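In what follows, a single structure is set out as structure tokens and then discussed.
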Amino acid sequence: MSSLTNKRILLGVTGGIAAYKSADLVRRLKERGADVRVVMTEAAREFMTPLTFQALSGNPVHTDLLDPAAEAAMGHIELARWADRILVAPASANFMARLAEGRGDDLLTTLCLATRSPLSLAPAMNQGMWQNEATQANLLRLQERGVSVFGPGDGSQACGEVGPGRMLEPAMLAEALAAQFESGRLSGRKVVITAGPTREAIDPVRYLSNHSSGKMGYALAEAAAEAGAQVTLISGPTHLPRPDRVQRVDVTSAREMHEASLSHAAQCDLFIAAAAVADYHPAEYLEQKLKKGDSDQWQLTLVKNPDIVAAVAALAGGPTTIGFAAESENLLEFARAKLERKGLRGIIANDISREGLGFNSDDNAVILIDRERALELGPMSKTQLARALIHELSDYLPASASDS
Ligand code: PMT
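Everything in the sequence shown is counted per the numbering used here, starting at 6 for the first residue and increasing by one.
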């Protein structure tokens, strides 16, 4: 059974008799570990009550675009950003038509317009409506825009007719959705990712560090695992749980991260340095806590740490190596200089001067730079950005024996 652990699924329910099956679908998604939020259209509420979905999902159900109370709790744009995937099940013929037209005349269509997350539909309707030219044209338009469609199934229908138009069973939908997270682009590959800050000890109670939370590196580890890779996450101190299906190696200092990276990097295909590594450590570690003393000044002598990502990039026969560049000015120029100086295949330039992005935030915006191009990604959630980056970075890998 494919996992949906930690995945945020926004389930849209539109008006149709199959809406009763969506209650079971919520249960199936939650069984696989997903966090589920439900959005119901007005027509859906003719078939099922929001209370049912609220009880099953454990979250409030969203119904109205212009409800100030709901907007204050979680606004529609926030909801669109929150979702890793949107699944509309059942998707009625009317909903598909409104979506194909790009309308935003209720909460669900507006969310589908605003989101950057993949969108899936599980159509359910009378067989005649499904086979109608207009519905098929709408289906094609939606598929051309990257919307994935599960089903519909064939068989006897609630209206007494027989043919295509039945919503797929909830278990099948949950499996199909979970399988989408496993794109397999990195299947059979080994990926090593550094994440979080390092701490450079001064004495038993003090250290030098930075504001990295580890969120970006952890999101990359999760996205690489979703894409089928065997992932090792070399993590500085963070408060984050180990991502599902990821092996974590905990380190504290830059020198420990250097040692762990070199011992894992030689056997991997892709190395991504997302960690904010301290450039220096104190020249001397004081075994006892330093007493304040009388002086108003404290001179600390620092010594350069090894450059981890440059050392990995220099390994003979080593992995495709990608760095980050956290810059507060001259983003492109400084990032390109790092790309060359460290001998990297690509660098992810992170403008840390932008409020709400970069260090210790849930969102980020970056420019992926290599010798041929500069690709802007975001702003978006770190989860979404990580997926987009893994998608791009997997193209850098030379074909493996199993690809041919
Ligand atoms: O952890 P979050 O709160 O989610 O924040 C994400 C982030 C901002 C930390 C991350 O996206 C990021 O930008 N990471 C790199 C931060 C950094 O230290 O950049 P830098 O420009 O100083 O280093 C350039 C590259 O060299 C980085 O890939 C870094 O990991 C690597 N490096 C730096 C020094 C060193 N001694 N060894 C290294 O490998």
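Each residue gets a CB set at the ideal place from its N, CA and C atoms; glycine is no exception.
Keep in mind that this is a model prediction, so the values were computed, not measured.
No Cβ-Cβ contact shorter than 9 Å links Leu178 with Ala88.
The beta carbons of Val18 and Ala24 sit about 5 Å from each other, so the pair counts as a contact at 8 Å.
With fewer than 16 other Cβ atoms from the protein chains shown falling within 10 Å of its own Cβ, Ser300 counts as exposed. Using a C-beta cut-off of 8 Å, the segment 284 to 298 makes no contact with the segment 216 to 224, since fewer than three inter-stretch Cβ pairs fall below that distance. If you draw a straight line from the Cα of Asp69 to the Cα of Ala271, it comes to about 53 Å. Taken atom to atom, the span from the alpha-carbon of Ala127 to that of Val197 is near 37 Å. At least one heavy atom of the ligand PMT lies closer than 8 Å to the C-beta of Val282.
Inter-segment contact for the segment 330 to 348 and the segment 358 to 367 is present: three or more beta-carbon pairs are separated by less than 8 Å.
The beta carbons of Ala283 and Thr203 sit about 5 Å from each other, so the pair counts as a contact at 8 Å. Listed in chain order, the non-local C-beta contacts of Ala279 below 7 Å within the same chain comprise Ile198, Thr199, Ala200, Met221, Gly222, Leu225 and Phe329, local neighbours out to five positions each way being set aside. Ala206 places its beta carbon less than 9 Å from that of Thr257. A direct Cα-Cα distance of roughly 22 Å separates Lys347 from Glu381.
Looking only at Pro209, Arg194, Glu231 and Gln302, the smallest Cα-Cα distance to Asp274 is reached by Arg194. For the pair Gly363 and Gly189, the Cα-to-Cα distance works out to about 28 Å. Taking 8 Å as the cut-off, one finds at least one heavy atom of the ligand PMT near enough to the beta carbon of Ala331.
Residues of the same chain with a CB within less than 7 Å of the CB of Pro55, apart from the 5 flanking positions on each side, are Met45, Val66 and Thr68 in chain order. Within the same chain, Asn143 come within 6 Å of Ala102 by CB-CB distance, once the 5 residues on both sides are set aside.
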